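To keep things clear, I will list the structure first and then write my remarks on it.
Residue numbers (the working numbering): 14 to 178.
Shown next, in the form of structure tokens:
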């Protein structure tokens, strides 16, 4: 009985204690050298891109890129059965693949707007029935507004980037 009186006495004393204010927190991300606040609206910029192979344009278009360190991606792929003049080979998986992918990741380096570009290109060999050629380009480039930057890679791969304002 004495314990019940003590509990009742404590609950009566804490009834007049004001509640603590609610806790408010923000999430911050650290990307490269910049710190970005999730509550700040993200600014975006469009980058016009032309990807060329030896036979001409592989892809042309624009990619919207956030200035808050988020990667933007584009890709296309195709897989078809081999042509009739290619006999089935033991190492052949029954298709002729082609693939092109692109990613852009914005970075801020010493106050300069830079982008990490990554392009992967896979295509049939063209000299036989079971060959596959791949090229990958990964490079960090400065890309000021309204300027064009051109990059070249193996296999005749060429990329042009132009950042809109």
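For every residue, glycine included, the Cβ atom is placed at its ideal position computed from N, Cα and C. Small disclaimer: the values here were computed from a predicted structure and weren't measured.
Is residue j closer than 7 angstroms to residue i when the C-beta atoms are compared?
i	j	result
residue 174	residue 70	no
residue 79	residue 117	no
residue 89	residue 113	yes
With distance defined between alpha-carbon atoms, name the residue in the options nearest to residue i.
i	options	result
residue 65	176, 168, 177, 178	168
residue 99	67, 138, 130, 74	138
residue 122	91, 157, 74	157
residue 74	63, 68, 67	63
For residue i, I'd like the list of residues in its chain whose CB is within less than 6 angstroms of its CB, leaving aside the five on either flank, ordered along the chain.
i	result
residue 57	77, 79
residue 150	132, 166
residue 155	125, 127
residue 171	65, 165
residue 148	134, 166, 167, 168, 170
residue 115	87, 132
residue 163	173
residue 67	169
residue 177	59
Less than 8 angstroms between C-beta atoms, sequence neighbours within five positions excluded: which residues of the same chain meet that for residue i?
i	result
residue 161	173, 174, 175
residue 145	110, 135, 136, 137, 138
residue 159	175, 176, 177, 178
So what does DSSP say about residue i, is it helix, strand or coil?
i	result
residue 103	Summary for residue 103: the model assigns pLDDT 49, below 50, so the residue's position carries little reliability, and this model does not support an answer.
residue 167	helix
residue 113	strand
residue 91	strand
residue 156	coil
residue 135	strand
residue 67	coil
residue 61	strand
residue 10	Since the displayed the chain opens at 14 and closes at 178, residue 10 lies outside it and no answer follows.
residue 125	strand
residue 178	coil
residue 96	coil
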